[in-house]
């Protein structure tokens, strides 16, 4: 396996955490998203990932998977221990829904390409761009705090006492929020879980600043 | 079960298709997203869905699920026939990735609340709003066309010869694209599959204009 990522991409960060939790250490390739206009737009990377997004996972037979949540569930299905999803269908759905609050309704709206469009195509100021970012963080994390705090199956982590798919999405999103100086006091449950995750080697080793391509 | 939706929400539309494919007909509740400032913002709906988004699925024991993809996979796991995902992990990941291209990287960026923010908070014109919409449709469907057309497991549908999770996401997204007069000539594979889906009763009965809450 070879995983194509970028240290600051929170989608790539999710996959790094999952790989670490599974004890997998595939070959790495680094796609710099801002250098020279963005290496993700190269013809060679476009063959792997027509969306020009990271991450991409190239399997040993050359087949390619894209989309971080699909990749994480693939890793979970092909390397079942430790499991990243609970067993019961309801619990699985809850954990997936937590992950999707982040992966559908926060992260893509605040992605590099969106912020670029706000600045370039729509001529918005740095302040307006930052307000946009913080607005969607507050909307998303505010709702997620309520959902996770109210989840009967919550334990040391979003669900139960072992980290899983929801935590894998949460920690990179909090990293992003911190980068943009978003206030986080309103999310005590999420911040407790984040602190607990960050203390685990699998999460710590996946942190952006620990990656070889970090500036 | 009781499903809370809105005829034009493409996330709710996905769940309607899945329910129809599974032969399920739960009670329905209609959350009008634009009437009176938006019924999704009511206190009573906020208890079900802190994101103030549709759909929400209330189970017979009162437990609630949110996020359309999580709900569709829940329906698939609790009502396995006909399956909405293939069996092999790689194929499952490919189908999920197709669904996520839409559900993560197209739909949330063009959602009602985002378009509202562009107009209200950022003061953008109707033309700029429409250009934004069409831009992300073109980016997303352009990439998805390449991915689906190049997928070795493609058949009559995105994967194989029965409709599944990817098709469930595709058809509502094409409906949205048509509403906003997006050019669709560049996506012949996706449009072929869409036409095939629309001919099936499960998809036809889920169409927005066929819902009781359609204006």
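Protein chains in written order, with the working numbering: chain C, 1 to 215; chain S, 1 to 215.
Even for Gly, the Cβ is constructed at its ideal location relative to N, Cα and C.
The model shown is predicted, which means the values in this text are computed figures rather than measured ones.
Looking at chain S, is there any beta carbon in it that lies within less than 7 Å of the beta carbon of residue i?
| i | result |
| --- | --- |
| residue 126 (chain C) | no |
| residue 78 (chain C) | yes |
| residue 51 (chain C) | yes |
| residue 65 (chain C) | yes |
| residue 146 (chain C) | yes |
| residue 69 (chain C) | yes |
| residue 105 (chain C) | yes |
| residue 12 (chain C) | no |
| residue 45 (chain C) | no |
| residue 55 (chain C) | no |
| residue 89 (chain C) | yes |
Using three-state DSSP, classify residue i as helix, strand or coil.
| i | result |
| --- | --- |
| residue 95 (chain S) | helix |
| residue 44 (chain S) | helix |
| residue 275 (chain C) | Only positions 1 to 215 of chain C appear in the structure, and residue 275 (chain C) is not among them; the question remains open. |
| residue 216 (chain C) | As shown, chain C starts at 1 and ends at 215. That puts residue 216 (chain C) outside it, with no answer to give. |
| residue 38 (chain C) | coil |
| residue 202 (chain S) | helix |
| residue 8 (chain S) | coil |
| residue 243 (chain C) | Chain C is shown only over 1 to 215; residue 243 (chain C) falls outside these bounds and no answer can be derived. |
| residue 207 (chain S) | coil |
| residue 186 (chain C) | coil |
| residue 214 (chain C) | coil |
Please confirm if residue i has its CB atom under 7 Å from at least one CB of chain C.
| i | result |
| --- | --- |
| residue 40 (chain S) | no |
| residue 173 (chain S) | no |
| residue 48 (chain S) | no |
| residue 134 (chain S) | no |
| residue 108 (chain S) | yes |
| residue 97 (chain S) | yes |
| residue 187 (chain S) | no |
| residue 93 (chain S) | yes |
| residue 100 (chain S) | yes |
| residue 206 (chain S) | no |
| residue 143 (chain S) | yes |
| residue 74 (chain S) | yes |
Cβ atoms of residue j and residue i: under 7 Å apart, would you say?
| i | j | result |
| --- | --- | --- |
| residue 11 (chain S) | residue 168 (chain S) | no |
| residue 58 (chain S) | residue 64 (chain S) | yes |
| residue 247 (chain C) | residue 55 (chain C) | Within the shown structure, residues of chain C are numbered from 1 to 215, placing residue 247 (chain C) beyond reach of any answer. |
| residue 78 (chain C) | residue 89 (chain S) | yes |
| residue 70 (chain S) | residue 93 (chain C) | yes |
| residue 2 (chain S) | residue 27 (chain S) | yes |
| residue 113 (chain S) | residue 182 (chain S) | no |
| residue 101 (chain S) | residue 53 (chain S) | no |
Quick one: what's got a C-beta closer than 6 Å to residue i's C-beta in the same chain, skipping five residues either side?
| i | result |
| --- | --- |
| residue 213 (chain C) | 7, 30 |
| residue 109 (chain S) | 136 |
Residues in its own chain within less than 7 Å of residue i by CB, not counting five upstream and five downstream?
| i | result |
| --- | --- |
| residue 194 (chain C) | 170, 171, 174 |
| residue 206 (chain C) | 13, 16, 17, 20 |
| residue 165 (chain C) | 72, 84, 85, 95, 96, 99 |
| residue 155 (chain C) | 161 |
| residue 91 (chain C) | 153, 159 |
| residue 132 (chain S) | 118 |
Got a sec? Which residues, its chain only, sit under 8 Å from residue i by beta carbon, not counting five neighbours each side?
| i | result |
| --- | --- |
| residue 200 (chain C) | 163 |
| residue 82 (chain C) | 21, 22, 162 |
| residue 129 (chain S) | 115, 118, 119 |
| residue 123 (chain C) | none |
- Task: Any chance you could list the alpha helix (DSSP H) runs of at least 4 consecutive residues sitting entirely within the stretch 87-172 of chain S, in chain order?
- Result: Residue ranges of uninterrupted alpha helix (DSSP H) with 4 or more members, entirely inside the stretch 87-172 of chain S and ordered along the chain, are 89-103, 112-119, 126-149.
- Message: Threshold first: 4 residues or longer. Then list the alpha helix (DSSP H) segments lying entirely within the stretch 46-79 of chain S, N to C.
- Response: Correct list: 68-78.
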